[in-house]
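A short worksheet on the structure shown next.
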Amino acid sequence: MAFNIDKQTAQELNLLGKFKSGSIFGLFNKVKTGGGEQLLSKMFQRPLEDMTAINERSALIQSFETSQLSFPFDVQQVALMQDYLDTGVGKNSLVTMGELMIKKLLSGLTRDERYKQSIQGLHAVIATLQKAHQFLQLIGSTAIAKSPYLRRLQEVSAVLANPDLEKLREVDIYKSLPISILAKYDHLLKNELSTQMETILTFISEVDVFISVSDVSRERGFHYAMALPAQSNQLNVTGLRHPAIINGVGNELQLTRSKNVLFLTGANMAGKSTLMKSIGINLYLGQMGFPVAADEMEFSVREGLYSSINVADNINLGYSHFYAEVIRVKQAAEAAASGQRLLLMFDELFKGTNVKDAFDGTLAVTEAFAEYEECLFIVSTHIIEVGEALKNTSNIKFGYMPTVMDGMRPHYTYQLTAGITKDRQGMLIIENEGILELLR
0 MAFNIDKQTA
10 QELNLLGKFK
20 SGSIFGLFNK
30 VKTGGGEQLL
40 SKMFQRPLED
50 MTAINERSAL
60 IQSFETSQLS
70 FPFDVQQVAL
80 MQDYLDTGVG
90 KNSLVTMGEL
100 MIKKLLSGLT
110 RDERYKQSIQ
120 GLHAVIATLQ
130 KAHQFLQLIG
140 STAIAKSPYL
150 RRLQEVSAVL
160 ANPDLEKLRE
170 VDIYKSLPIS
180 ILAKYDHLLK
190 NELSTQMETI
200 LTFISEVDVF
210 ISVSDVSRER
220 GFHYAMALPA
230 QSNQLNVTGL
240 RHPAIINGVG
250 NELQLTRSKN
260 VLFLTGANMA
270 GKSTLMKSIG
280 INLYLGQMGF
290 PVAADEMEFS
300 VREGLYSSIN
310 VADNINLGYS
320 HFYAEVIRVK
330 QAAEAAASGQ
340 RLLLMFDELF
350 KGTNVKDAFD
360 GTLAVTEAFA
370 EYEECLFIVS
380 THIIEVGEAL
390 KNTSNIKFGY
400 MPTVMDGMRP
410 HYTYQLTAGI
420 TKDRQGMLII
430 ENEGILELLR
C-alpha cells in the first residue's frame, strides 16, 4: 500500500517538479547522472512506509554526509556505458563477431560510426568498473561500511570479483583492442552479465543520490529525523523551518494522541501558511528518510499527507470557491474516516463564505477532527472567536503567529506562540497603504 498524497497537496507544498521554481525536488536535485535523477524522482514520488526502512535510509545518508565523499565516477563515461549496454545484441556470440566485423569494414569505407562507438562503449565500461573497484576500497574505511548499506557494498564487490570482469578491468584502454576481445565482451556484457551490469549502474545512481542529498544537507544545516511506530501518533520537532528559506526562523511543535489538533491563528503575513507548509514538507522528507530542515525531529510514520491551503474555484466543474472548499473538506473527512493514520492541514477553513457560516463550519469541523486520534491535524483561521469556543475541547492545542507593532507598522516574528492571537491589524494595514485616501 503506497503512501497517499494527492496532486493538490503535492502542488501546495511544491514538492515535485524538476523545472518548477522553488520545488523541494529541485532543492535536492544536485545529482550528476541521468540514472541518479531518475532514482531521486522515484524516491520523491514514493515515500517509505516502514519505520525500519525510513531509519535505515536516514542513517545511510547521514553516513555519507559524515564521510564527505566526492562523486568518483566520470559522468560522460557512465553515460557512454549506459548507451553501450542499451544497444543489445543477439544471443549468439558468432553473430556478435560477424556484426562487429561488418561495422569495422563499414567504418573504413564510409562514415559509419558504430564500430567506433562500440570501442568507446567498452572503454567506458572498463573505466567505470575500475572507478567502482577503487571507490569500494575507499568506502570500506568510512562510516558507510558500518551502515545498512554494507549488504549493497558486498553485492557490488561480488559482481566486480567475477573473473571475466576482473580481466576486463585490467585491459589497457589506450591500446588497440583485437576484434575478438571486443566481440567477446560485447556479447558477454550485454547477455550473460547484463544483470550484473545493471547492478553496477544502479549502484552508481544510488551513490550519486546519496552524495548529492548529503551535500545539500551539510550546506543547508539540515538534520536527520527519527521515525517512530505509527500507533504512537506523535510529532515532536524543534528548530523547524521551511527547507527552501535560508536562515528561516525555527519553531517548536509537539503533537500527540491526546493533543492531536493544532488550532493556529494569526494575522495575514504572520507566517501561518509558511509554518503549515514547513510542517508538511518536513514530514514528507522525514517519511522519505531524507534530511529535514529542523534541529531535531521525531515523527510517527504516516500513511498519507493531505492539505487544503490554496483551494481555487473550478470553472470547468462549475464550482464556486466555497463549494470547492467544501468538497476538499469532504475528501479529507473521508480519508480520516477510512482509518488511515494521516497528517491533515487546513488553512483558513471556509473563507469563501460569510463570517457566520465560516465560524459555524470551522467550529464543527475542528471539533469533529479532534475525535480522530489516529490522525494529526493543523487548522488555521482568522476567526479567533472559534478558538474561544473550542477551549473546552481537550484534544486541541492552541498556537498563534504574533504581530509586533513598530509605531503604526506591523512586524512579524514568525515564531509560534502558545495561545490564541488577539491581533486585529487588518484595518490598520489598509490605512497604512493609503487606500482610503486614494478613494477619497
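Numbering that gives the first Met the number 0 numbers the first residue of the sequence shown as 0 and each following residue consecutively.
Glycine residues also receive a C-beta, built at the ideal position from the N, C-alpha and C atoms.
| Item | Value |
| --- | --- |
| Output the residue ranges of the alpha helix (DSSP H) runs that lie fully inside the segment 235-284 and measure 4 residues or longer, sorted by chain position. | none |
| Taking a contact to mean a Cβ-Cβ separation below 8 Å, would you say residue 419 touches residue 264 in this structure? | yes |
| Residue 73: which of 67, 66 and 81 sits nearest, CA to CA? | 81 |
| Determine the direct distance from the alpha carbon of residue 154 to that of residue 133, and round the result to whole angstroms. | 15 Å |
| If distances are taken between C-alpha atoms only, which option among 66, 230 and 117 comes closest to residue 86? | 117 |
| For residue 369 and residue 325, I'd like the C-alpha separation in whole angstroms. | 18 Å |
| Looking at residue 334 and residue 303, is the spacing between their C-beta atoms short of 8 Å? | yes |
| Taking only the alpha-carbon atoms, compute the straight-line gap between residue 69 and residue 282 and give it to the nearest angstrom. | 28 Å |
| Secondary structure at residue 179, three-state DSSP: helix, strand or coil? | helix |
| Could you say which of 196, 62, 29 and 159 lies nearest to residue 83 if we only look at CA atoms? | 196 |
| Taking the alpha carbon of residue 228 as the point to measure from, which residue in 402, 292 and 48 has its own alpha carbon closest? | 48 |
| Between which residues of its own chain and residue 164 is the CB-CB distance below 8 Å, once the five residues before and five after are set aside? | 128, 158, 192 and 195 |
| Between the alpha carbons of residue 8 and residue 31, how many angstroms are there, rounded? | 29 Å |
| When you compare only the Cα positions, how much space is there between residue 66 and residue 142? | 7 Å |
| Assign residue 124 to buried or exposed, taking buried as 16 or more other Cβ atoms, counted over all protein chains shown, within 10 Å of its Cβ. | buried |
| Taking residue 378 and residue 348 to be in contact with their CB atoms under 8 Å, please state how far apart those CB atoms are, rounded to whole angstroms. | 6 Å |
| Confirm, please, whether the CB-CB distance from residue 386 to residue 417 is below 8 Å. | no |
| Compare the C-beta of residue 421 against all C-beta atoms of chain C and say whether one is closer than 8 Å. | Among the chains of the structure shown, chain C does not appear; only one protein chain is present. |
| Flag this pair as touching only if the segment 252-259 and the segment 208-221 have three or more C-beta atom pairs under 8 Å; answer yes or no. | no |
| Could you check what DSSP says for residue 232 in three-state terms: helix, strand or coil? | coil |
| Between which two residues does the beta strand (DSSP E) carrying residue 345 extend? | 341-346 |
| Would DSSP call residue 117 helix, strand or coil? | helix |
| Tell me which residue opens and which closes the alpha helix (DSSP H) that residue 167 is part of. | 162-168 |
| Which residues in the same chain have their Cβ closer than 6 Å to the Cβ of residue 78, if we skip the five residues on either side of it in sequence? | none |
| So, residue 340 versus residue 373, is the Cβ gap smaller than 8 Å? | yes |
| State buried or exposed for residue 171, treating a residue as buried only when at least 16 other CB atoms are found within 10 Å of its CB. | exposed |
| What separation, rounded to the nearest whole angstrom, lies between the Cα atoms of residue 120 and residue 40? | 27 Å |
| Give me the residue from 280, 294 and 231 with the minimum Cα distance to residue 27. | 280 |
| For a minimum of 4 consecutive residues, which ranges assigned as the alpha helix (DSSP H) are wholly contained in the segment 380-407? | 383-388 |
| If contacts are defined as beta-carbon pairs under 8 Å, then residue 203 and residue 34 qualify, I think. What distance do you get, rounded to the angstrom? | 7 Å |
| Using a Cβ-Cβ cut-off of 7 Å (strictly less than) and excluding sequence neighbours within five positions of residue 388, which residues of its own chain qualify? | 362 |
| Cα-Cα, which of 233, 247, 235 and 206 is closest to residue 220? | 247 |
| I believe residue 238 touches residue 295 by the beta-carbon criterion, under 8 Å. Please report the beta-carbon distance rounded to the nearest angstrom. | 7 Å |
| Could you compute how far the alpha carbon of residue 402 sits from the alpha carbon of residue 408? | 10 Å |
| For residue 23, which of 36, 43 and 6 has the nearest alpha-carbon? | 43 |
| Short of 7 Å in beta carbon distance, which residues of its chain neighbour residue 58, apart from the five on each side in sequence? Order them along the chain. | 146 and 147 |
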